[in-house]
Amino acid sequence: MTERLNVEGHEHVYAIGDITDLAEAKMAGNAMQHAEVVAANIIAQLRGERPSSVYRPSPLPFVLLPLGAEGGVGQLPSPEGPIVLPAGSVADYKGRNLFTGRFAELFGVAGEPAPAGV
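Remember, our numbering sits 1384 above the position in the sequence shown when you count from 1.
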């Protein structure tokens, strides 16, 4: 796999999510970042341009684990080191609507707005 997330030797075949051979955890948050890189590269190819979007795994671990609609645990990287998120913040990011607002916005359909920063 290349840094542009296409399969070695196949410039029009890409991999995202669990099928990647990247040195990182298999997590939905990573897969969403993979998808952004791949989408940008496919758009470039459709325009007759050379794909230039690259993916670099974060060297710092992160996790958002919702526990019901109101709780959870989480850790995000920051320049000062890992930040432990309070339960309410994890619920705001993920637990209340499982990012449905983000995808509703992406596809232009009605739904809850995505939380800020997501």
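For every residue, glycine included, the Cβ atom is placed at its ideal position computed from N, Cα and C.
Source: prediction; values computed, not measured.
Taking the alpha carbon of residue i as the point to measure from, which residue in the options has its own alpha carbon closest?
{"i": "V1422", "options": "E1408, R1440, A1407, K1410", "result": "R1440"}
{"i": "I1400", "options": "H1418, A1407, A1412, M1411", "result": "H1418"}
{"i": "Y1477", "options": "A1453, E1489, L1490, L1430", "result": "A1453"}
{"i": "L1406", "options": "A1412, T1386, M1416", "result": "T1386"}
{"i": "V1447", "options": "M1411, T1484, E1489, F1487", "result": "M1411"}
{"i": "N1390", "options": "P1435, D1402, F1487", "result": "P1435"}
Just reading off the beta strand (DSSP E) that residue i is part of, what are its end residues?
{"i": "I1467", "result": "1467-1469"}
{"i": "L1512", "result": "Residue 1512 lies beyond the range of the chain shown here (1385 to 1502); nothing can be said about it."}
Going by DSSP, name the residue or residues bridged to residue i.
{"i": "Y1398", "result": "N1390"}
{"i": "V1354", "result": "This structure gives no information on residue 1354, because the portion of the chain shown stretches from 1385 to 1502."}
Terminal residues of the continuous alpha helix (DSSP H) containing residue i?
{"i": "G1413", "result": "1412-1430"}
{"i": "A1488", "result": "1484-1491"}
Just to confirm, are residue i and residue j a CB contact at a threshold of 8 Å?
{"i": "N1425", "j": "R1388", "result": "yes"}
{"i": "L1449", "j": "G1458", "result": "yes"}
{"i": "L1451", "j": "L1460", "result": "no"}
Pop quiz: residue i and residue j are said to be a contact at Cβ under 8 Å. What is the actual Cβ separation, rounded to whole angstroms?
{"i": "A1475", "j": "G1456", "result": "6 Å"}
{"i": "Q1429", "j": "H1396", "result": "7 Å"}
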